[in-house]
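Worksheet: one structure, shown below.
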Amino acid sequence: MNSDRELLRHTLATLAYRASRALEGSPESFATFAGAGRQPAQILAHMGDLFDWALSMAEGNQRWHNSEPLPWPEEQRRFFAILSAFDAYIVSGNRIHAPLDRLFQGPVADAFTHVGQLAMMRRLAGSPIRGENYYIAEITAGHTGAEQNAPVKPF
1 MNSDRELLRH
11 TLATLAYRAS
21 RALEGSPESF
31 ATFAGAGRQP
41 AQILAHMGDL
51 FDWALSMAEG
61 NQRWHNSEPL
71 PWPEEQRRFF
81 AILSAFDAYI
91 VSGNRIHAPL
101 DRLFQGPVAD
111 AFTHVGQLAM
121 MRRLAGSPIR
131 GENYYIAEIT
141 AGHTGAEQNA
151 PVKPF
């Protein structure tokens with residue numbers, strides 16, 4: 001695998017890690033928190049759509065759709081499942097029909113922005129996440145599910 005694919009895979013694992021931190025322990029009521037624009041369930045559904053779109057571009061069959069949010073636990077599972085499916089395509093060795101830098105600057109970077117929104121909204125909703133030193137976090141390419149390593153140095 002080339003270094004561009006490897007870096008993209010590490011980026012996806014980093015996104016999964018940070019998303020899991022923003023979502024873990026969130027009460028179901030957080031899904032409909034209405035204090036800062038779109039509700040968290042809508043944001044997470046959009047994040048799932050971003051990776052459905054990314055996968056379709058990588059496969060050479062670009063498509064976009066706006067999903068209605070699923071119940072909160074299901075929407076979380078959907079997000080991590082499509083993120084993992086995209087990662088699996090990247091590692092498969094199959095031809096990627098879209099430039100990797102465009103996949104990064106579009107759906108991947110957008111998803112990082114939304115993870116930050118969710119983390120900030122957790123605080124606004126009265127359910128803040130713990131901070132941690134992400135530089136030393138145990139993040140490994142291919143680890144894109146909701147179950148992530150424990151924080152190494154939370155604060």
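Numbering (the working numbering), first residue to last: 1 to 155.
Using N, Cα and C, we set each Cβ at its ideal position, and we do this for glycine too.
Opening and closing residue of the alpha helix (DSSP H) in which residue i lies
i: L70; result: Note, L70: premise wrong, no alpha helix (DSSP H); not H, not E.
i: P40; result: 40–59
i: E6; result: 3–23
i: F112; result: 109–124
Counterpart residues of residue i in DSSP-defined beta bridges
i: P99; result: Bridge partners of P99: none, in fact.
i: E138; result: E138 is not bridged to any residue.
i: P27; result: Answer by DSSP bridge pairing: none, since P27 is not bridged.
i: E75; result: According to DSSP, which records beta bridges pairwise, E75 is partnered with nothing at all.
i: P154; result: E132
Assigned secondary structure, residue i (DSSP; H/G/I helix, E/B strand, else coil)
i: E147; result: coil
i: G106; result: helix
i: A85; result: helix
Inter-residue CB distance, residue i and residue j (contact presumed, cutoff 8 Å)
i: A13; j: H143; result: 5 Å
i: A19; j: T32; result: Actually they do not touch by this definition, with Cβ atoms about 19 Å apart.
i: L8; j: I90; result: 6 Å
i: L124; j: A34; result: Actually they do not touch by this definition, with Cβ atoms about 10 Å apart.
i: R122; j: P154; result: So it is not a contact: roughly 15 Å between Cβ atoms.
Residue-chain proximity (residue i, chain D), Cβ-Cβ < 8 Å
i: D110; result: Absence of chain D from the displayed structure is noted, only one protein chain being present.
Worksheet entry | Segment contact flag, the stretch 94–102 with the stretch 66–73, C-beta cutoff 8 Å, min 3 pairs | Contact fails: fewer than three Cβ-Cβ distances are below 8 Å.
Discussion item. With three or more beta-carbon pairs closer than 8 Å as the criterion, would you say the stretch 38–58 touches the stretch 79–93?
Written reply: As far as the Cβ criterion goes, the stretch 38–58 touches the stretch 79–93, which means the pair count is three or higher.
Worksheet item: Contact between the stretch 22–36 and the stretch 50–62: three or more CB pairs below 8 Å?
Response: Taking 8 Å as the limit for Cβ pairs, the verdict is that the stretch 50–62 does not touch the stretch 22–36.
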